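Colleague:
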Amino acid sequence: MSTENTMSADIENGPTVLDGKATAKAVRADVAVGAARLTELGRAPGLTVVLVGDDPASQVYVRSKDKAATEAGFVVNTIRLGADAPQSEIEAAVDSLNADDSVDGILVQLPLPKGLDSDAVIERIDPGKDVDGLTATSVARLAMGRDGMVPCTPAGCVEILNRHGIDLSGKDVVVIGRSQLVGKPFAQLALARNATVTICHSRTRDLAAHCRNADVIVAAVGVAKLVQGDWVKPGAVVLDVGINRGEDGKLVGDVDYAAAATRASAITPVPGGIGPMTIAMLLSNTLRASALRQGIELAG
Ligand code: NAP
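Residue numbering for the sequence shown follows my numbering, beginning at 1205 and increasing consecutively.
1. May I have the straight-line CA-CA distance separating residue 1424 from residue 1288, to the nearest angstrom?
2. Measuring only the C-alpha atoms, how far is residue 1376 from residue 1401?
3. As a quick exercise: from 1500, 1406 and 1470, pick the residue whose alpha carbon is nearest that of residue 1220.
4. For residue 1299, report the span of its alpha helix (DSSP H) as first-last.
5. Using alpha carbons as the reference points, say which of 1477, 1357, 1294 and 1449 lies closest to residue 1320.
6. With distances taken Cα to Cα, identify the nearest neighbour of residue 1329 among 1312, 1317 and 1275.
7. For residue 1347, name the three-state secondary structure that DSSP assigns.
8. Do residue 1484 and residue 1232 have their C-beta atoms within less than 7 Å of each other?
9. Which residue wins for smallest C-alpha separation from residue 1350, given the options 1360, 1337 and 1357?
10. For residue 1217, does the three-state DSSP call read helix, strand or coil?
11. I'd like the list of long-range same chain contacts for residue 1272, defined as Cβ closer than 7 Å, with 5 residues on each side in sequence excluded.
12. For residue 1331 and residue 1342, which I take to be in contact (beta-carbon distance under 8 Å), what is that distance rounded to the nearest angstrom?
13. I think residue 1436 touches residue 1464, with their Cβ atoms under 8 Å apart; what is that distance to the nearest whole Å?
14. Our contact map puts residue 1239 next to residue 1249 with C-beta atoms below 8 Å; I'd like the distance itself, whole angstroms only.
15. Near residue 1427, what residues of its chain come up, given a Cβ to Cβ distance below 8 Å and the 5 sequence neighbours on each side ignored?
16. Which of the three DSSP states, helix, strand or coil, is assigned to residue 1379?
17. Using the beta-carbon count (16 or more within 10 Å), is residue 1497 buried or exposed?
18. Sorted by chain position, which residues of the same chain lie with C-beta nearer than 8 Å to residue 1242's C-beta, five sequence neighbours on each side aside?
19. What are the boundary residues of the beta strand (DSSP E) that includes residue 1251?
20. Compare the Cα-Cα distances from residue 1396 to each of 1382, 1415 and 1374 and report the closest residue.
21. Should the stretch 1387-1396 be called in touch with the stretch 1347-1361, which here means at least 3 C-beta pairs below 8 Å?
22. Between residue 1284 and residue 1255, how many whole angstroms is the CB-CB distance? I'm expecting something under 8 Å.
23. If you draw a straight line from the C-alpha of residue 1440 to the C-alpha of residue 1292, how long is it?
24. Grouping DSSP H, G and I as helix and E and B as strand, with all else coil, what is residue 1320?
25. If you reduce the DSSP assignment to three classes, tell me which class residue 1394 lands in.
26. Less than 8 Å between C-beta atoms, sequence neighbours within five positions excluded: which residues of the same chain meet that for residue 1270?
27. Heavy atom of the ligand NAP less than 6 Å from the Cβ of residue 1354, yes or no?
Structure, rendered in structure tokens:
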């Protein structure tokens, strides 16, 4: 879909709902084909998750990652360490995974329990196995426009746009949020795709005015319904990364979806938008890491 050509039609007929569940399913199916090829020519991709402590949300995320990776044909392991595990034990676990040839991807589930230095743990990961794209090497490679691991959530934002034919070239893109995990890497990816990028944050003056000029808004904040409907330029594309609990206990994004959907040409829902894409891109990163490490070329 070209946003220019279909803009007026889209507004009249309602926006294209960028369905993250369906798109992620398609990505996972492609990954499964690649994993089968690696299994045939070498060995199955190996992903190991390091889970420290018993944070309930982290347990849920790890279970979903395990299920998705197993379904794609990966060998998945989880190393579970107690909440009182010292820094040295976590770093030793990462060291042993770095040295293990059957492990292509290492994922340290964040946040780590209080008192632990997560930056030091992440930095310990071999950049070739850094499937979350969080080591300084991965961050630098992205900033320099070199090939490397890209954090899964912003990679998922780009993938959902690509798979719906939405091109960022020449577009005015407003990214709300400047985290290392989402906002900054998405801004780099958009810049590399020739967008004109504005990064907004909590000190931005007149966020609404920035949004009103944007062809594409990416909200990665963590404030429920921060982006109001009338901040959305008619025909704009809206990606809502936020995951918040509404007053009724239901999940809600950073965008007032109902109001924004009356003006946007395309929009991601919450839930079912960027969330499912994040896990799909973790699999995609791990597949790529595995192919590179095994010296096997994958099509596409
Ligand atoms: P984060 O590290 O807390 O960063 C939030 C960013 O939003 C910061 O840059 C902050 O600005 C900015 N901000 C806060 N309040 C603002 C306001 N009122 N106006 C403008 N900017 C404001 O969060 P994150 O890790 O990037 O995550 C953002 C959201 O995405 C969260 O809801 C999180 O749960 C969700 N998320 C979803 C996925 C997924 O798979 N869908 C993955 C990761 C995160 P300052 O820098 O000035 O403080």
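Glycine included, C-beta positions come from ideal geometry on N, C-alpha and C. This one's a predicted model, so the numbers in the text were calculated from it and none came from an experiment.
Modeller: The structure says:
1. For the purposes of this step, residue 1424 is taken as residue 220 along the sequence shown, with counting starting at 1. For the purposes of this step, residue 1288 is taken as residue 84 along the sequence shown, with counting starting at 1. Their backbone Cα atoms lie some 31 Å apart in a straight line.
2. What you label residue 1376 is simply residue 172 of the sequence shown in a count that begins at 1. What you label residue 1401 is simply residue 197 of the sequence shown in a count that begins at 1. One C-alpha to the other measures close to 6 Å.
3. As a position in the sequence shown, residue 1220 is number 16, starting the count at 1. The candidate whose alpha carbon is nearest that of residue 1220 is 1470.
4. Taking the first residue of the sequence shown as position 1, residue 1299 is located at position 95. Looking at the DSSP string, the run of the alpha helix (DSSP H) that includes residue 1299 is 1291-1303.
5. Reading the sequence shown from its first residue, position 116 is the one you call residue 1320. Answer by Cα proximity: 1294.
6. On the sequence shown, residue 1329 is found 125 positions in, with the first residue counted as 1. Of the listed residues, the one whose Cα sits closest to residue 1329 is 1312.
7. Residue numbering aside, residue 1347 sits at position 143 when the sequence shown is read from its first letter. Looking at residue 1347 - three-state DSSP - the assignment turns out to be helix.
8. By 1-based counting over the sequence shown, the position of residue 1484 is 280. By 1-based counting over the sequence shown, the position of residue 1232 is 28. Going by C-beta atoms, residue 1484 is nearer than 7 Å to residue 1232.
9. Locating residue 1350 in the sequence shown gives position 146, counting from the first residue. Closest option to residue 1350, judged by alpha-carbon separation, among 1360, 1337 and 1357: 1337.
10. For this step, residue 1217 is matched to residue 13 along the sequence shown. Helix.
11. By one-based count along the sequence shown, residue 1272 stands at place 68. Excluding sequence neighbours, residue 1272 sits near 1232, 1483 and 1487.
12. Within the sequence shown, the letter at position 127 stands for residue 1331. Within the sequence shown, the letter at position 138 stands for residue 1342. Separation of the CB atoms of residue 1331 and residue 1342 is rounded to 6 Å, and the pair is thereby assigned contact status at 8 Å.
13. Indexing the sequence shown from 1 puts residue 1436 at position 232. Indexing the sequence shown from 1 puts residue 1464 at position 260. So it is a contact: roughly 5 Å between Cβ atoms.
14. The count along the sequence shown starts at 1 and reaches residue 1239 at position 35. The count along the sequence shown starts at 1 and reaches residue 1249 at position 45. Between residue 1249 and residue 1239 the Cβ distance is about 5 Å, and since that is below 8 Å, they are a contact.
15. The residue labelled residue 1427 in the question sits at position 223 within the sequence shown. Excluding residues within five positions, the ones whose Cβ falls inside 8 Å are 1446, 1448 and 1458.
16. Residue mapping note: residue 1379 aligns to position 175 of the sequence shown, counting from 1. In the structure shown, residue 1379 sits in a strand (DSSP, three-state: E or B).
17. Within the sequence shown, residue 1497 is the residue found at index 293, counting from 1. By the 10 Å Cβ count, residue 1497 comes out buried.
18. In the sequence shown, residue 1242 corresponds to position 38, counting from 1. Only 1248, 1249, 1491, 1494, 1495, 1498, 1500 and 1502 meet the Cβ criterion.
19. Translated into positions along the sequence shown, residue 1251 becomes position 47. DSSP places residue 1251 in the uninterrupted beta strand (DSSP E) bounded by 1250-1256.
20. Locating residue 1396 in the sequence shown gives position 192, counting from the first residue. If we check each option's Cα against that of residue 1396, 1374 comes out closest.
21. yes
22. Counting from 1 along the sequence shown, the entry for residue 1284 is found at position 80. Counting from 1 along the sequence shown, the entry for residue 1255 is found at position 51. Taking 8 Å as the upper bound for CB-CB distance, residue 1284 and residue 1255 are in contact here, some 5 Å apart.
23. Start at 1 with the first residue of the sequence shown, and residue 1440 comes out as number 236. Start at 1 with the first residue of the sequence shown, and residue 1292 comes out as number 88. If you take the alpha carbons of residue 1440 and residue 1292, they lie about 48 Å apart.
24. Here residue 1320 refers to the residue found at position 116 of the sequence shown. Here residue 1320 sits in coil by DSSP.
25. The count along the sequence shown starts at 1 and reaches residue 1394 at position 190. Three-state DSSP puts residue 1394 in a helix.
26. Translated into positions along the sequence shown, residue 1270 becomes position 66. Counting only Cβ-Cβ distances below 8 Å, and skipping sequence neighbours, we find 1253, 1280 and 1282.
27. Residue 1354 sits at position 150 when you count from the first residue of the sequence shown. No, the beta carbon of residue 1354 sits no closer than 6 Å to any heavy atom of the ligand NAP.
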